[in-house]
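Asker:
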Amino acid sequence: MRAFDELRKLEIFFMEETKRGCSIIDLYELVQHAGNILPRLYLLCTVGSVYIKSKEAPAKDILKDLVEMCRGIQHPLRGLFLRSYLSQVSRDKLPDIGSEYEGDADTVIDAVEFVLQNFTEMNKLWVRMQHQGPARDKEKREKERSELRDLVGKNLHILSQVEGVDLDMYKDIVLPRVLEQVVNCKDEIAQFYLMECIIQVFPDEYHLQTLDVLLGACPQLQPSVDIKTVLSQLMERLSNYAASSAEVLPEFLQVEAFSKLSKAIGKVIEAQVDMPTVGVVTLYSALLTFTLHVHPDRLDYADLVLGACVKKLSGRGKIEDTRATKQIVALLSAPLEKYNDIVTTLKLSNYSHVMEYLDGETIKVMATVIVQSITKNKTQISTADNVEALFELIRGLIKDLDGSLPDEVDEDDFKEEQSSVARLIQMLYNDDPDEMFKIISTVKKHILTGGIKRLPFTVPALVFSSLKLVRQLQGQEENPFGDETPTTPKKIFQLLTQTIEILSSVPAPELAFRLYLQCAEAANDCDLEPVAYEFFTQAYILYEEEISDSKAQVTALHLIIGTLQKMHVFGVENRDTLTHKATGYSAKLLKKPDQCRAVYACSHLFWLDDHDNMKDGERVMLCLKRALRIANAAQQMSNATRGSTGPVSLFIEILNKYLYFFEKGNPQITVATIQGLIELITTEMQSDTTTPDSSADAFFASTLRYIEFQKQKGGAVGEKYEPIKV
């Protein structure tokens, strides 16, 4: 480069010499008398550049003379640099259309001829470097060659800049000549680099119109050339060209680009028998991307590509090579990204066949990609057949494949994966109850194969999806037309019973317990007494047999009481049985404070606001008295063990329940009862043995303030509260 800079100064010197009257023709003759050939030719090129500028002779003649003379140097490295210098000084002096050096005749041909000739000679010199010197220096030579490759490629770049090279000239002269040189040089480095150059430097529309010629050269290249990269780059460029504007798409159809590329890929894979799997998949991945850009509406084309890929992969077994599996994931992700709709992708019959070649871990990766695509695009999947096909595709998340144990998986990742499946189950929906029931049955079939670690994540989603359908059917009459199998709430509850039973054997008893109560509530809203009773029975059995932790028991019992209180479907007998059980459980809790709270909560089971036939003041009073007795016992136990009676907050909580039922009009709760309790609490709080507790003091003060507030309200409420002395 420094030599070229110096020669540039020499060129300026020659220019000035000619201005002083020195004849350029004489100079051109004079430098040819230099003794050594290399300096002679550098001088000749430098003076030649000034000669063309002077316009004393046609540019084409001087260029032809220079390019012929340069043949005098056959040493590869020196020859390359000399010809590189020639192309550098001549690039702005070519007799191109619109150039000041354009001659009268058709001189663009001469310009192209000059560049092509220089390119051909440079390529020959570049290839010759490979065969000089001992074999042990092969790596060093290849490194040198790759450093020098841009000198050769620059000629193709110059060609692409020539204004006069239109499509016809490119098709008839430029491309055939360049490809002839590429194929004939039989050198893998040169072939790979020059094919890349052709694809990168010439316009996309030229490639499209000369696809036959370009693709025809591919099978003629050396077997060791990385043809997959070349073809992938070509398809990538054409894909981007197609995506750039809808107006160019007809050109693709006109030249039948898809079938030509498809055939070319087939031929290349056949020609290179030992092409690794990653190569095969990369080619089809690029072809699929091309197809999705150029023919987004032709699903059959996309399916053909996947089918051809399956055909070429058959007999190779599961793919272990990580590069190849990455390419398959890219291949399978392309339709998802293009259509943003899994339903369209499911129409590709070969999609699932390609997945069969993946190993368990990659099937899981692919399943995650599919689920994320659905959640991101909020895709509606509304037929049982599509759900079946989808769950086949995402089986990597649904069950263990290849016998791999889920223990090996990172816990957080596992939770995230299963939560995404649960989200997916919630997104499956159809307005038609019969179809929705089929979807639910399909999902159930798949998720029950998931093993004990997955069920606690997926079953709740399925249960709530089913309950959504129950709510939709709620209040509908039995089908009067007597269809074959109309979907009824009863039928859904049967499915739910089977599903939750499996969960309780996982074991996840607390989760199953909660789901039974949810179902009981739904059955209550559908007026199905036997069904609701059965769900409650199952919940009770789980409570008795499986829930042993005292904290869990307290939580479970409050859930039972809360759910049972909402039930209006039960007859007297059933209700009594369930209520009796609940109060029995309350008395059996381990800690006295827990017992007390559960017992006073049971009082709500005997007093339902909206149902006059469910207001039993006596039994409410019994519960509250019992709670008081337990609170008292708790105080005494505390006194016996600690020497202090502990806080009085339980009494204050019971006082609040008394006030609640007093307001609701329970005749059993009189002013005297409330008054007595207030005095009891006051006495307890002032007692020496009571542990001071600021929160209990605040709670009591707040309760008394409430009573005062109700007194001041006036009206019926005020009258009711008036007799209570605070």
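Per my numbering, the sequence shown runs over residues 212 to 937.
All C-beta atoms, glycine included, are put in the ideal place defined by N, C-alpha and C.
It should be emphasised that the depicted structure is a prediction, and the values quoted were computed from it without experimental measurement.
1) My output table needs one value for K931: the three-state DSSP class, helix, strand or coil.
2) Which class does G693 belong to by DSSP, given the choice of helix, strand or coil?
3) Is DSSP giving I308 helix, strand or coil here?
4) For S260 and L221, what's the separation of their Cα atoms in angstroms?
5) Please work out which residues of its chain come closer than 6 angstroms, Cβ to Cβ, to P287, disregarding the five sequence neighbours upstream and downstream, and give them in chain order.
6) Can you check the region 841 to 913 for any beta strand (DSSP E) of at least 3 residues that lies completely inside it and give the ranges in chain order?
7) Would you please state the rounded distance, in angstroms, between the beta carbons of V632 and L608? I believe it to be under 8 angstroms.
8) Using DSSP with H/G/I as helix, E/B as strand and the rest coil, what is I918?
9) Could you compute how far the alpha carbon of R219 sits from the alpha carbon of E227?
10) Measure from the alpha carbon of P250 to the alpha carbon of each residue in G290, C233, I223, D398, then state which is nearest.
11) Under the rule that 16 or more other beta-carbon atoms within 10 Å means buried, what is K304, buried or exposed?
12) Have a look at N561 and K529 and give me their C-alpha separation to the nearest angstrom.
13) Tell whether a beta-carbon distance below 8 angstroms holds between T669 and G662.
14) With distances taken between CB atoms, is the gap from N334 to A401 smaller than 8 angstroms?
15) Report the CB separation of K701 from L739 in whole angstroms; it is logged as a contact under 8 angstroms.
16) For L639, which beta-bridge partners are listed by DSSP?
17) Nearest to E757 by CA position, among S563, S860, A734, S715, is which residue?
18) What whole-angstrom Cβ distance do E895 and T902 have, given they're in contact under 8 angstroms?
19) Between the region 339 to 353 and the region 388 to 396, do at least 3 Cβ pairs fall closer than 8 angstroms?
20) Hey, A519 and S473 are a contact pair by Cβ (cut 8 angstroms); roughly how many whole angstroms apart?
21) Mapping DSSP to helix, strand and coil, what is K655?
22) Here's the rule I'm using: 16 or more other beta-carbon atoms within 10 Å means buried, otherwise exposed. How should R725 be labelled?
23) Assuming Q749 is part of the alpha helix (DSSP H), what are its boundary residues?
24) Using the Cα positions of L728 and S898, report the straight-line distance between them to the nearest angstrom.
25) Using 10 angstroms around the beta-carbon of N174, count the other beta-carbons present and answer buried if the total reaches 16, otherwise exposed.
26) Run through the region 413 to 496 for me and flag every whole alpha helix (DSSP H) of 4 or more residues, listed as ranges in chain order.
27) If we ignore side chains and look at the alpha-carbon of each, how far apart do L422 and D398 end up?
28) Could you pull the start and end residues of the alpha helix (DSSP H) that Y296 belongs to?
29) In three-state DSSP terms, what is K266?
30) Quick check on K702: does DSSP put it in helix, strand or coil?
31) If you run the structure through DSSP and keep just helix, strand and coil, what is K354?
32) Just to confirm before moving on: does the CB-CB distance between F872 and L888 stay below 8 angstroms?
33) Would you kindly check if the distance between the Cβ of V489 and the Cβ of R534 is under 8 angstroms?
34) Using a Cβ-Cβ cut-off of 8 angstroms, state whether F325 counts as contacting chain D.
35) In angstroms, rounded to a whole number, what distance separates the CA positions of D552 and S593?
Answerer: Once the coordinates are examined:
1) Residue state for K931 is assigned as helix, using DSSP reduced to three classes.
2) Note on G693: pLDDT 48, under 50, position unreliable in the model; the coordinate value appears next. Coil.
3) DSSP, reduced to helix, strand and coil, places I308 outside both helices and strands of the structure shown, so it counts as coil.
4) Roughly 11 angstroms between the two C-alpha positions.
5) Exclusion of the five residues before and after P287 leaves L336, R339, M340 as the residues of its chain whose Cβ lies within less than 6 angstroms of its Cβ.
6) Taken in chain order, the whole beta strand (DSSP E) runs of length 3 or more contained in the region 841 to 913 number zero.
7) Sure, about 5 angstroms apart at Cβ, within 8 angstroms.
8) DSSP places I918 within a helical segment (H, G or I) once states are collapsed to three.
9) Each residue's alpha carbon lies about 13 angstroms from the other.
10) With respect to the C-alpha of P250, the residue from G290, C233, I223, D398 having the closest C-alpha is G290.
11) With 16 or more Cβ atoms within 10 Å of its Cβ, K304 is classed as buried.
12) Each residue's alpha carbon lies about 16 angstroms from the other.
13) No. Outside cutoff.
14) It is a contact, given that the beta carbons lie within the stated cut-off.
15) About 7 angstroms separates the beta carbon of K701 from that of L739, a gap short enough to meet the 8 angstroms contact definition.
16) Note: L639 sits in a beta bridge opposite I592.
17) When each option's Cα is compared against that of E757, the closest is S715.
18) With 8 angstroms as the limit, E895 and T902 do not qualify as a contact, their Cβ atoms being about 11 angstroms apart.
19) A contact is defined here as three or more CB-CB pairs under 8 angstroms, and the region 339 to 353 fails this definition with respect to the region 388 to 396.
20) Taking C-beta atoms under 8 angstroms as the contact rule, A519 and S473 qualify, at a distance of about 7 angstroms.
21) K655 sits in a helix when the DSSP states are folded into three classes.
22) With 16 or more other Cβ atoms within 10 Å, it is buried.
23) Here the alpha helix (DSSP H) through Q749 covers 740 to 756.
24) One C-alpha to the other measures close to 44 angstroms.
25) One cannot answer for residue 174 here, as it falls past the ends of the chain, which runs 212 to 937.
26) Fully enclosed alpha helix (DSSP H) runs of 4 or longer: 415 to 420, 422 to 428, 438 to 455, 460 to 465, 468 to 482.
27) C-alpha separation (whole angstroms): 23 angstroms.
28) Unbroken alpha helix (DSSP H) run through Y296: 287 to 301.
29) Shown here, K266 sits in coil according to DSSP, grouped into three states, outside any helix or strand.
30) Looking at K702 - three-state DSSP - the assignment turns out to be helix.
31) The answer is helix: DSSP assigns K354 an H, G or I state.
32) Against a cut-off of 8 angstroms, the Cβ pair of L888 and F872 comes out as no contact.
33) A contact, by the Cβ cut-off of 8 angstroms.
34) Of the chains in the structure shown, none is chain D; there is only one protein chain.
35) D552 and S593 have their alpha carbons spaced roughly 13 angstroms apart.
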